[in-house]
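Going by the numbering used here, the first residue of the sequence shown is number 51, and it counts up by one from there. Okay, structure first, notes after.
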Amino acid sequence: MNRLLTIMLFFCLAWGINSAQAENTQRGVKVIVIDAGHGGYFPGARYGGYAEKSINLQMALKLGAMIEENMPDIKVVYTRKTEKHFSENLRADLQARADIANNAGGDLFISIHANAHRNTGIRGVETLIMGESELETSENEAILFANNKEEFLDMSDQGTAAIVRAHIQNLQFTYGEYSEVMARLVQKHYANLGRTNRGIRKQPLRVLYATDMPSILTEIGFMSNAAELKYITSQKGQQELVTALYKAVKEYVEYVRKSMLVDSAAEPTVQQKPAVEEKPAVQPTPQPKPEVKPQPKPQPKPAVDKSKSTVRYAVQVMASKSAVSTKDSRFGSYRGKVRQVRAEGAFSYKYCVGDYADRKSAQAAVASIRKTFPQAFVIAVKDGKVVTNK
Numbered sequence: 051m052n053r054l055l056t057i058m059l060f061f062c063l064a065w066g067i068n069s070a071q072a073e074n075t076q077r078g079v080k081v082i083v084i085d086a087g088h089g090g091y092f093p094g095a096r097y098g099g100y101a102e103k104s105i106n107l108q109m110a111l112k113l114g115a116m117i118e119e120n121m122p123d124i125k126v127v128y129t130r131k132t133e134k135h136f137s138e139n140l141r142a143d144l145q146a147r148a149d150i151a152n153n154a155g156g157d158l159f160i161s162i163h164a165n166a167h168r169n170t171g172i173r174g175v176e177t178l179i180m181g182e183s184e185l186e187t188s189e190n191e192a193i194l195f196a197n198n199k200e201e202f203l204d205m206s207d208q209g210t211a212a213i214v215r216a217h218i219q220n221l222q223f224t225y226g227e228y229s230e231v232m233a234r235l236v237q238k239h240y241a242n243l244g245r246t247n248r249g250i251r252k253q254p255l256r257v258l259y260a261t262d263m264p265s266i267l268t269e270i271g272f273m274s275n276a277a278e279l280k281y282i283t284s285q286k287g288q289q290e291l292v293t294a295l296y297k298a299v300k301e302y303v304e305y306v307r308k309s310m311l312v313d314s315a316a317e318p319t320v321q322q323k324p325a326v327e328e329k330p331a332v333q334p335t336p337q338p339k340p341e342v343k344p345q346p347k348p349q350p351k352p353a354v355d356k357s358k359s360t361v362r363y364a365v366q367v368m369a370s371k372s373a374v375s376t377k378d379s380r381f382g383s384y385r386g387k388v389r390q391v392r393a394e395g396a397f398s399y400k401y402c403v404g405d406y407a408d409r410k411s412a413q414a415a416v417a418s419i420r421k422t423f424p425q426a427f428v429i430a431v432k433d434g435k436v437v438t439n440k
């Protein structure tokens with residue numbers, strides 16, 4: 051019982067912080083927190099004489115240095131820069147990493163890890179975001195077995211699961227979209243290297259749950275695969291992967307600046323006409339009033355039966371804190387073709403393309419739309435509002 055109350059208290063605090071963080075996101079990306087997974091007493095996977103903690107640290111330092119050199123306006127914060135741990139308890143260690151990110155006022159959290167599997171033939175890169183997959187338990191055990199199970203929230207406990215699912219629901223109205231955009235950009239640049247793209251996975255990870263900002267955990271390759279282990283421990287491999295991550299960061303920062311963070315304050319002001327000297331008023335000559343003919347009373351419009359409305363699907367291309375003209379130049383070739391729908395949360399104005407009867411049809415259109423908007427994704431709409439769990 052005490053454990054449940056503690057989790058509930060933490061969640062209530064996190065909920066309030068999340069809402070405030072979403073409101074503050076309008077400042078853009080100023081602080082990026084880079085987390086080298088594992089460390090010290092927690093080495094992670096071990097293969098071929100290499101420990102995951104060391105590979106993660108090498109990657110984190112290289113990525114941070116590249117951001118600092120090429121993006122001087124961004125502050126880089128590291129959860130660790132040496133082979134260290136924060137607690138002898140893994141749960142506390144993970145929370146300490148999140149605390150560093152939260153206390154730094156981070157705008158983006160990137161945790162770097164390497165993967166492992168019992169099947170040494172499995173290979174590829176993937177990026178995790180906070181959420182719950184349908185095959186959560188089997189995926190956790192089969193794909194991420196080398197990592198301590200304590201890294202995952204215990205979704206078998208009904209009390210914990212209910213709170214975590216409420217948190218996941220809240221992410222849809224705070225910064226969940228941002229995490230997904232960043233994850234998609236990372237995977238795109240990995241794929242451009244020719245790496246096997248395992249896609250984006252939703253997992254209830256403790257460190258992502260505890261960070262109050264857009265957050266991802268990226269798996270750079272499988273240590274259990276001999277070819278991939280050689281690649282991710284080589285200078286060439288690490289440099290290519292770091293460059294891919296850097297390109298994703300750069301695109302994400304630009305995306306936040308141009309697309310997501312539309313503010314009414316940025317709209318052009320109307321030029322006021324200069325004041326002119328008033329002239330004496332001239333009294334008009336009285337004119338006879340025209341005869342007014344009675345007009346027929348307007349007939350009331352038939353009531354709309356909302357019970358017959360159905361869920362439709364569209365592809366979201368942008369979100370904003372304030373209304374944006376659908377003819378805004380930022381919509382590019384979709385200018386005048388987008389429509390506005392509403393949702394809860396800080397960025398309540400959503401702009402989407404298309405109108406589809408089912409999710410499959412909308413998903414088929416995403417690839418083409420992402421040529422203009424890489425962050426585009428499918429949403430469900432009913433009565434002009436975004437609906438969830440559809």
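Yeah, the Cβ is synthetic: ideal placement off N, Cα and C, and Gly gets one too. Remember, it's a predicted structure, so these values are computed and weren't measured experimentally.
- Runs of the beta strand (DSSP E) lying entirely within the region 130-187 and spanning at least 3 residues, in chain order: 158-165, 175-180.
- G89 sits close to K103, with the two beta carbons spaced by under 8 Å.
- Counted as a single uninterrupted DSSP element, the beta strand (DSSP E) harbouring S265 occupies residues 265-272.
- Contact between D85 and I162 holds: their C-beta atoms lie close to 7 Å from each other, under 8 Å.
- Close CB contacts of Q413 within its chain, under the 8 Å cut and outside five residues either way in sequence, are with V428 (chain order).
- In the displayed model, K103 falls within a helix according to three-state DSSP.
- Secondary structure note for G226: its alpha helix (DSSP H) is the uninterrupted segment 226-242.
- Per DSSP, I124 is not a residue of any alpha helix (DSSP H), being assigned neither H nor E.
- Pairing K371 with F423, the inter-Cα distance amounts to about 19 Å.
- With a cut-off of 8 Å on Cβ pairs, the region 111-131 is in contact with the region 299-306, counting three or more such pairs.
- Each residue's CA atom was taken as its position, placing A166 and Q289 some 21 Å apart.
- The DSSP-derived three-state label of Y91 is coil.
- The criterion of a C-beta distance shorter than 8 Å is satisfied by R392 and Y399.
- In the three-state scheme derived from DSSP, where H, G and I count as helix and E and B as strand, S370 is classed as strand.
- Buried is the label assigned to R256, since at least 16 other Cβ atoms lie within 10 Å of its Cβ.
- Annotated as proximal: R362 and V431, with beta-carbon spacing under 8 Å.
- Within the model, the alpha-carbon separation for L178 versus K252 is close to 6 Å.
- Apart from sequence neighbours up to five positions away, the residues of its chain that approach D143 with a beta-carbon distance below 6 Å are H135, F136, S137, ordered along the chain.
- Annotated three-state conformation of F381 is helix, per DSSP.
- For R409, the secondary structure class from DSSP, reduced to helix, strand or coil, is helix.
- Here the alpha carbons of Q366 and D433 stand approximately 16 Å from one another.
- For V257, the uninterrupted alpha helix (DSSP H) run begins and ends at 256-260, by DSSP.
- About 23 Å separates the beta carbon of L279 from that of Y91, a gap too long to meet the 8 Å contact definition.
- If you draw a straight line from the Cα of T283 to the Cα of R248, it comes to about 20 Å.
- Between the alpha carbons of A369 and Y225 lies a gap of roughly 11 Å.
- The shortest C-alpha to C-alpha distance from R141 to any of Y259, L107, A110, G155 is the one to Y259.
- By the Cβ neighbour-count rule, S265 is buried, with 16 or more other Cβ atoms within 10 Å of its own.
- Cβ-Cβ separation between I82 and L158: approximately 5 Å, consistent with a contact (criterion under 8 Å).
- Look at R251 here: in three-state DSSP terms it is strand.
- In the three-state reduction of the DSSP assignment, K400 falls in the strand class, which pools E and B.
- DSSP places A86 within a strand segment (E or B) once states are collapsed to three.
- Beta bridge pairing from DSSP links Y97 with Y100.
- Per the C-alpha coordinates, the member of G244, S375, R385, Q390 positioned closest to A364 is Q390.
- Among the bridge pairs identified by DSSP, R389 is matched with C402.
- At a Cβ-Cβ threshold of 8 Å, R245 and V175 count as neighbours.
- Look at V416 here: in three-state DSSP terms it is helix.
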